[in-house]
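Just so you know, the sequence shown maps onto residues 0 to 126 in numbering that gives the first Met the number 0.
Before any comments, here is the structure.
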Amino acid sequence: MEKHYGEIIERTIRRNGYSISELSRLMKVNRRSIYNWFNQPKFKPEIIFKIGCALKHDFSNEFPELFSAEEFQKVFNDSKMFHMRFLDEEREKINYWKDKYISLLEEYNHILAANNIQTRTISISAL
């Protein structure tokens with residue numbers, strides 16, 4: 000008996016608690032398309048691979064004839080590296096603005112202190 004790709008994918012999605020709505024958003028397709036895929040006995044391995052990447056699920060267990068574990072691992076590792084680089088860039092942006100804010104705040108405090116000294120000098124000389 001041949002594998003029914005759609006049923007296997009649906010079972011995997013439901014068993015692991017993935018949301019159909021979230022999957023459709025990640026894959027940029029409508030939910031109806033995903034439900035249609037569940038009814039198809041065969042479809043392109045590229046679609047299965049994209050589903051696996053979107054869900055971060057290795058379909059090489061369910062479809063060893065189509066994929067190797069290394070294919071999914073490479074994508075997952077690349078995704079982690081991208082995510083780490085993105086976080087580093089965001090951290091740098093945050094630090095830049097934080098440092099700029101602190102610098103401006105210190106400058107403002109110096110101006111206030113100078114104004115305060117000047118005001119005291121004027122009020123003392125007025126006496």
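Virtual Cβ for every residue (Gly too), placed ideally from N, Cα, C.
Item	Value
Can you round the beta-carbon distance between PRO165 and TYR4 to whole angstroms, since I take them to be within the 8 Å contact cut?	Examination of residue 165 is not possible in this model, given that the chain is present from 0 through 126 alone.
Buried or exposed for PHE42, please, with buried defined as at least 16 other CB atoms from any protein chain shown within 10 angstroms of its CB.	exposed
Between the alpha carbons of ARG30 and SER67, how many angstroms are there, rounded?	28 Å
Given this structure, state the Cα-to-Cα distance separating LEU22 from LEU54, to the nearest angstrom.	7 Å
Identify the continuous alpha helix (DSSP H) that holds GLY5 and give its terminal residues.	4-14
On a CA-only basis, which of ILE46, GLU45, PRO44, GLN72 is nearest ASP57? Give me that one, please.	GLN72
Using 10 angstroms around the beta-carbon of GLY51, count the other beta-carbons present and answer buried if the total reaches 16, otherwise exposed.	buried
To the nearest angstrom, how far is the alpha carbon of GLY16 from that of ARG10?	10 Å
Where in the segment 33-60 do unbroken runs of the alpha helix (DSSP H), each at least 4 residues long, occur, reported from the N-terminal end onward?	44-54
Using a 10 Å radius around the Cβ and a threshold of 16 neighbouring Cβ atoms, would you call ILE101 buried or exposed?	exposed
Look at the alpha carbon of GLU88 and the alpha carbon of TYR95, and state the distance between them as a whole number of angstroms.	11 Å
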